[in-house]
Amino acid sequence: MGNMDISLKEMMTIDGAIGAVVVDYNSGMALGALGGSKELDLQVAAAGNTEVVKAKMRTMESLGLKDGIEDILITLSGQYHVIRPVSGRGGKGLFLYLALDRSRANLALARHHMRGIEEKLEV
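Going by the UniProt record's numbering, the sequence shown opens with residue 1, and the numbers climb by one from there.
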């Protein structure tokens, strides 16, 4: 799990990060989490965003789309939520979830960092 801990710490160094989770979307369980607050329960976010990922994958399958999901972005008035499915190195069935404070975050840079973290993640 050392690599997962490193990945979570790297996610939390992204400007504006307020919570980071590695999630198994088959079960909705958070395998590791850092940050969060009483307003942002990362366990609830992991379970809820699992439904988002599953719904998008079902929709893509129904449409016959063969592309992979790079990330799913949810924009709130005060936050960005970035969901990035893990595509390689035995990470199938996992996704990274990062919540950002919108006033302090650079979304393009955050997505770039998430891509690098996802590519290095080994579970």
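Here a beta-carbon is modelled for each residue, glycine too, at the ideal position from N, C-alpha and C. These figures come from a predicted structure and were not determined experimentally.
*Can you tell which of 118, 48, 98, 72 has its C-alpha closest to the C-alpha of residue 28?*
48
*What three-state label does DSSP hand residue 24 in the structure shown?*
strand
*Taking the alpha helix (DSSP H) that residue 117 falls in, what are its first and last residues?*
Start and end: 107 to 120.
*Using 8 Å as the Cβ pair cut-off and three pairs as the minimum, do the region 104 to 121 and the region 46 to 62 touch?*
no
*Candidates 61, 10, 97: which alpha carbon is nearest residue 43's?*
97
*To the nearest angstrom, report how far apart residue 17 and residue 113 are at their CA atoms.*
When rounded, the distance between both Cα atoms is 12 Å.
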